[in-house]
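Asker:
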Amino acid sequence: MQVLTILLDGISYGMVLFIISVGLTVTMGLMRVVNLAHGAFAMIGGYIATVLVLQAGVPFLLSALLAAVAAGALGGLAELTVYRPLYRKGELPQVLLTIGLCFVVIAGLTLFVGPTPLPAIVPPSLDRMVDIGFRSYPAYRLFLIVVGALLAFIVWLIVECSLFGARLRAAVDDPQMARAVGMNVNRMFTVTFIGGCALAGFGGAIGAGVLPLEPFYALRYLVYFLIVVAVGGMGSFRGSLVAALAIGIVDTAGRYIVPQFGGFLLYVLVFGLLLWRPNGLLPPKSVA
Amino acid sequence: MTSQPQVTDQQVFAPTAGVRSFSPAMLWHLLPWAIALVFFFVGDGYHSLGTNILVMILFALSLDLALGYAGIITLGHAAFFGAGAYAAGIFAIHFNADPVLGLLVATAVAGLLGLITGMLILHTRGETLLMLTLAIAAIFYEVANHARWLTGGDDGLSGIRVTPVFGLFRFDLWGKTAFLYALAVLFIWFVIAAFVVRSPFGRSLDGIRQNTKRMRAIGTPVWWRLVAMYALSAAMAGSAGALTAQSTRLVGLSTLELLTSGIVAVMLVLGGERRLYGAFIGATIYVIVQDTAGSISPFIWMFVIGFLLILIVLFFEGGLMGIIDSVVAKLKGKTAGQTGKPT
Amino acid sequence: MSVAADNILTVRGLCKNFGALAVTQQVDLDLARGARIGLIGPNGAGKTTLVNLLTGMLSNDAGTIVIDGHHIEKAKPETRVQHGLVRTHQINTLLMETSVRDNVAIAVAERQKYAWRMLRYGPQWRACLEEAQHYLEEMRIGHAGNRRVSELPYGEQRLLEIAIGLSLKPRILLLDEPGAGIPSTEAHIIHEALESLPPDIAILLIEHDMDLVFKFAKEIVVLVMGRVLTRDVPANIASNAEVRSVYLGRSVV
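Chains as they are written, first to last, in the numbering used here: chain A, 1 to 288; chain B, 1 to 343; chain C, 1 to 253.
What follows is the structure in structure tokens.
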């Protein structure tokens with residue numbers, strides 16, 4: 001039964017990573033901007049939701065949704081002011097500016113809320129064990145799996161079955177061509193960026209039980225989000241889901257089976273994978 | 001990559017005038033060392049802070065070689081800093097507490113690690129390379145975290161002994177010896193770095209950064225060059241790590257963490273990449289701000305630094321050295337960007 | 001005319017496929033020492049692909065490339081340069097932040113393998129700078145030596161591309177559309193530069209500007225859909241009906 005626990009824990013953890021990282025894969029894949037501040041939007045979402053739940057007594061899910069809206073709005077603001085000039089610049093300025101943004105968010109949130117880690121905001125309805133046939137398992141993690149799958153489905157619908165999605169995929173495959181045929185790639189990007197930040201905020205909020213909120217959240221988990229994007233293939237939605245789940249499972253398995261090596265296993269595998277497949281497991285067509 | 005409008009090192013140090021000929025501009029090069037020596041005599045009570053600054057300058061300088069000149073985007077340089085620190089600490093505890101020997105060992109270890117990892121990853125570019133540097137640093141961190149028997153795990157190494165430098169200069173309680181020792185090491189590495197960046201080797205790496213395709217087209221063995229520069233930069237970072245181990249007698253996991261890699265990049269950009277002295281200015285200001293603002297609240301300095309980074313990337317893409325250059329150029333009535341004459 | 005012993009470059013059966021698309025098909029090419037060959041063909045004929053295959057930026061699927069008896073079809077781009085195969089680029093690949101003279105001097109240093117020597121770089125670098133200035137003078141841009149490349153007018157940048165190529169002392173020089181982007185009123189600048197190239201270098205000129213090609217080349221190779229259609233002296237090419245139809249009636253004289 002340990003295998004099942006590892007699988008379920010890994011998948012629920014992977015779902016949180018997916019929800020947060022799917023926006024990042026678009027940012028980096030579509031506009032080729034290295035965005036190290038993505039974790040900051042997840043952190044903003046988590047913090048806002050926590051404050052709403054604990055200070056204002058707003059219900060969990062509603063808080064998460066409001067947090068998503070706030071994160072999305074702030075993302076839009078950031079995109080219009082600070083990210084726009086970055087598109088033309090090289091990787092290094094992008095890395096530095098987004099790190100700076102990360103620092104600003106970390107400092108801002110911590111000065112506002114306080115430097116201690118935030119208590120997890122799992123609602124009582126989910127803070128119990130559920131009988132799933134052969135054993136009992138935390139409802140909260142099942143909730144994460146269900147929500148994650150639902151969101152993955154919705155994202156898939158939008159990306160694969162809508163006109164916007166088709167145009168987005170075309171723009172990811174070949175931004176220059178997309179512009180040449182008249183697509184307003186910049187506007188598409190703003191919309192997608194806002195969506196990605198909103199998802200990140202939502203993920204940060206509902207995932208607070210798996211990725212605890214604390215002052216250095218944005219930096220601590222940044223590596224995981226980047227790994228999801230790099231391993232999945234930049235700009236690849238399917239890739240980010242597969243990678244997120246894989247990483248969730250591998251990391252969890254590593255910590256259960258060989259706890260003395262901690263996250264070591266994951267990083268070594270990622271390292272090997274990137275050397276073997278520099279463009280990720282499922283890169284969008286033009287890159288492969 | 002946008003081109004920097006200000007005069008670069010290659011122009012300031014333009015060897016067209018000949019290395020031997022003296023010009024008043026050269027006196028400016030003595031300034032940082034003069035300041036350091038003055039500080040040694042008057043900065044009582046602050047020598048350990050001063051040593052920390054020197055260590056960070058060396059670390060930032062190492063990053064300038066890899067990132068500034070060669071264009072290797074790395075957020076994992078702390079791996080070599082920490083490797084050097086741990087190597088020096090472990091060497092002192094288990095083998096020989098002579099600091100110079102420990103320094104050499106640490107430098108060699110870090111350089112070797114840089115060589116090996118560089119050979120593995122430097123055929124990739126861009127985001128993939130960035131991720132690989134992060135992965136390597138993360139692996140080093142986890143190894144240090146778990147090899148308690150060697151590294152002390154999350155308790156770190158403590159009680160590192162240092163015998164007198166060359167058997168003569170004992171490390172005193174106030175950190176004055178440590179300061180001069182670090183200053184000497186920094187000076188030696190600085191001369192090496194200045195030499196390297198002005199050499200054809202260094203110029204070819206600057207070329208690789210600007211236009212790899214062009215360099216290949218003129219027959220440059222790009223991968224080998226990058227590996228060599230990366231290894232040199234790693235060795236330098238390792239020296240900085242050794243200095244921190246020997247001056248504070250402690251080594252902790254923080255020497256290997258992502259935040260450390262990020263901070264040294266911030267220092268470099270703050271001061272200005274490809275300026276060598278940029279590392280001096282950036283590291284000094286950062287450490288001082290962190291020390292003063294940090295005593296108020298560690299998060300205030302984080303806010304300030306983050307904000308500064310955003311401003312610098314958007315408006316001042318040569319860092320503080322770039323601003324200084326523009327001011328100097330305006331004062332002299334010349335437009336920035338003319339080559340040939342040292343300013 | 002081209003006896004095998006005189007050929008500095010011999011290409012046989014060069015092939016390249018992108019998936020199911022054969023972009024280069026069984027190309028044979030001979031360049032004698034001092035050759036002046038023009039390579040023309042409609043858009044998409046695969047001219048730049050061929051150059052990339054020769055220089056090693058693309059790996060070939062089949063065929064051989066031999067320079068002076070040495071097989072280089074599997075060699076890295078850097079190695080091919082060391083065998084004397086040099087190209088200029090259709091789109092400038094210059095070091096924009098660096099000065100004009102330094103661009104050439106770096107190439108000279110590379111050629112002389114100074115790059116690894118870090119001792120006594122002063123006099124060596126000065127020698128590289130002097131030699132670089134010589135090539136700049138050859139291309140009539142000697143006055144621009146100190147300026148940053150980004151400040152140079154486009155036409156002079158194209159000349160700089162050629163100067164860098166020359167400074168590598170090539171045995172074979174592949175010029176990829178040196179006149180690209182130059183208005184026809186100024187094309188003579190490029191033409192004069194081409195005429196002044198050392199006579200012992202074998203030159204393959206790829207161009208769309210027919211005036212330039214016909215004035216410069218002693219022989220013209222026509223590439224269509226990755227295959228060599230024909231190779232002949234300019235006068236015959238101009239009157240070749242097949243060539244004319246390939247260009248869809250475009251006048252070639």
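From the three backbone atoms N, C-alpha and C, an ideal C-beta is built for every residue, glycine too. Remember, it's a predicted structure, so these values are computed and weren't measured experimentally.
For the stretch 2-56 of chain C, which segments carrying the alpha helix (DSSP H) assignment without a break, of at least 4 residues, lie completely within its bounds, in sequence order?
Answerer: Complete alpha helix (DSSP H) runs here, min 4: 47-55.
Asker: Output, in chain order, the set of chain A residues within a Cβ distance shorter than 8 Å of I310/B.
Answerer: Ordered by position in chain A, the residues that pass the 8 Å Cβ test against I310/B are V82, L97, G100, L101 and V104.
Asker: Could you name the residues of chain C that G207/B contacts, counting a contact when the two beta carbons are closer than 8 Å?
Answerer: Chain C residues near G207/B: L95, T98 and I106.
Asker: Starting from the Cα of L157/B, find the closest Cα among E273/B, S199/B, G319/B and G82/B and give me that residue.
Answerer: When only C-alpha atoms are compared, the closest one is G82/B.
Asker: By a C-beta neighbour count over all protein chains shown, 10 Å radius and 16 as the cutoff for buried, is Y154/C buried or exposed?
Answerer: Per the 10 Å Cβ criterion, exposed.
Asker: Just to confirm the assignment: which complete alpha helix (DSSP H) runs, minimum length 4, are found wholly within the stretch 82-150 of chain C?
Answerer: As far as the stretch 82-150 of chain C is concerned, its whole alpha helix (DSSP H) runs of at least 4 residues are 100-111 and 121-138.
Asker: If T244/B sits next to A106/B, beta carbons under 8 Å apart, how far is it from one beta carbon to the other, in whole angstroms?
Answerer: In fact, because the Cβ distance is near 10 Å, the residues do not count as touching under 8 Å.
Asker: For the stretch 119-137 of chain B, list every residue whose C-beta sits within 9 Å of some C-beta in chain C, in sequence order.
Answerer: Under the 9 Å Cβ criterion, the stretch 119-137 of chain B contributes no residue.
Asker: Tell me whether the beta-carbon of M28/A lies closer than 8 Å to the beta-carbon of G148/A.
Answerer: No, the pair does not count as a contact, with Cβ atoms beyond the cut-off.
Asker: Between the beta-carbon of I206/C and the beta-carbon of L175/C, is there less than 8 Å?
Answerer: Yes.
Asker: In terms of residue numbering, what span does the alpha helix (DSSP H) encompassing D176/C cover?
Answerer: Run containing D176/C: none in the alpha helix (DSSP H); it sits in the beta strand (DSSP E), I172 to D176.
Asker: Do we get a CB-CB distance below 8 Å when we pair I164/C with the residues of chain B?
Answerer: By this cut-off, I164/C is an interface position.
Asker: Just to confirm my understanding: we take R80/C, look at its own chain, exclude 5 residues before and 5 after, and list those with CB closer than 7 Å. What are they?
Answerer: The residues are T55, G56 and I72.
Asker: With H, G and I counted as helix, E and B as strand and the rest as coil, what does DSSP make of T64/C?
Answerer: T64/C: strand per DSSP, three-state reduction.
Asker: If you reduce the DSSP assignment to three classes, tell me which class V231/A lands in.
Answerer: Reduced to three states, the DSSP call for V231/A is helix.
Asker: Measuring only between beta-carbons, confirm whether Y140/A sits less than 8 Å from chain B.
Answerer: Cβ-Cβ to chain B under 8 Å: no for Y140/A.
Asker: Assuming L144/A contacts I206/A under a Cβ cut-off of 8 Å, what Cβ separation, rounded to an integer in Å, is found between them?
Answerer: Confirmed, about 7 Å.
Asker: Under a CB-based cut-off of 8 Å, is L75/B close to chain A?
Answerer: True, the Cβ-Cβ gap to chain A drops below 8 Å.
Asker: Mind checking E151/C: buried by the 16 CB within 10 Å criterion, or exposed?
Answerer: With fewer than 16 other Cβ atoms within 10 Å, it is exposed.
Asker: Leaving out five residues on either side along the sequence, give the residues of the same chain with a beta carbon under 8 Å from the beta carbon of V34/A.
Answerer: If we look at V34/A and ignore the five residues flanking it on each side, its Cβ neighbours are M28, E91, Q94, V95 and T98.
Asker: Taking DSSP as the reference, what is the three-state secondary structure of T27/A?
Answerer: Note: T27/A maps to helix in three-state DSSP.
Asker: Return yes when the Cβ of R214/B is within less than 8 Å of the Cβ of T93/C, no when it is not.
Answerer: Yes, the Cβ-Cβ distance between T93/C and R214/B is below 8 Å.
Asker: Please report whether the beta-carbon of I300/B lies at a distance below 8 Å from any beta-carbon of chain A.
Answerer: Taking Cβ atoms only, chain A reaches closer than 8 Å to I300/B, which makes this a yes.
Asker: Please report the residue range of the beta strand (DSSP E) in which L122/B lies.
Answerer: First-last for L122/B: undefined, no H or E at that position.
Asker: Got a sec, what are the start and stop residues for the beta strand (DSSP E) S184/C sits in?
Answerer: Premise fails: S184/C is in no beta strand (DSSP E) and is neither H nor E.
Asker: Within the continuous beta strand (DSSP E) that includes S48/B, where are the two ends?
Answerer: No beta strand (DSSP E) contains S48/B, which is instead part of the alpha helix (DSSP H) from H47 to L63.
Asker: Does DSSP put I220/C in a helix, in a strand, or in coil?
Answerer: DSSP places I220/C in strand when its eight states are reduced to three.
Asker: Out of curiosity, what's the CA-to-CA distance linking T49/C and R227/C?
Answerer: Rounded to the nearest angstrom, the two C-alpha atoms are 12 Å apart.
Asker: Helix, strand or coil: which one does DSSP assign to Y137/A?
Answerer: In this structure, Y137/A counts as strand in the three-state DSSP scheme.
Asker: Are the beta-carbon atoms belonging to L229/C and V213/C less than 8 Å from one another?
Answerer: No, these two residues do not count as a Cβ contact at 8 Å.
Asker: Could you round the C-beta distance between F103/A and M321/B to whole angstroms and report it? I think they count as a contact, below 8 Å.
Answerer: Going by Cβ atoms, the distance from F103/A to M321/B rounds to 22 Å, so no, they are not a contact pair.
Asker: Would you kindly work out how many angstroms separate the C-alpha atoms of F189/A and M31/A, rounded to a whole number?
Answerer: Answer to the nearest angstrom: the Cα atoms are 7 Å apart.
Asker: Applying the criterion that 16 or more other CB atoms from any shown protein chain within 10 Å of the CB defines a buried residue, is A351/A buried or exposed?
Answerer: The structure shown does not extend to residue 351/A, since chain A spans only 1 to 288, so no value can be given for it.
Asker: Quick test of your reading: G68/B and E273/B, contact by CB under 8 Å. State the CB separation rounded to the nearest angstrom.
Answerer: Correct: roughly 3 Å between the Cβ atoms.
Asker: By the 9 Å beta-carbon criterion, what residues does the stretch 59-87 of chain C contribute toward chain B?
Answerer: Correct list: K76, P77, E78, T79, R80, V81, Q82, V86 and R87.
Asker: Can you confirm whether the stretch 186-201 of chain B touches the stretch 123-140 of chain B when touching is taken to mean that 3 or more C-beta pairs between the two stretches lie within less than 8 Å?
Answerer: With a cut-off of 8 Å, the stretch 186-201 of chain B and the stretch 123-140 of chain B do not count as touching, because too few Cβ pairs lie within range.
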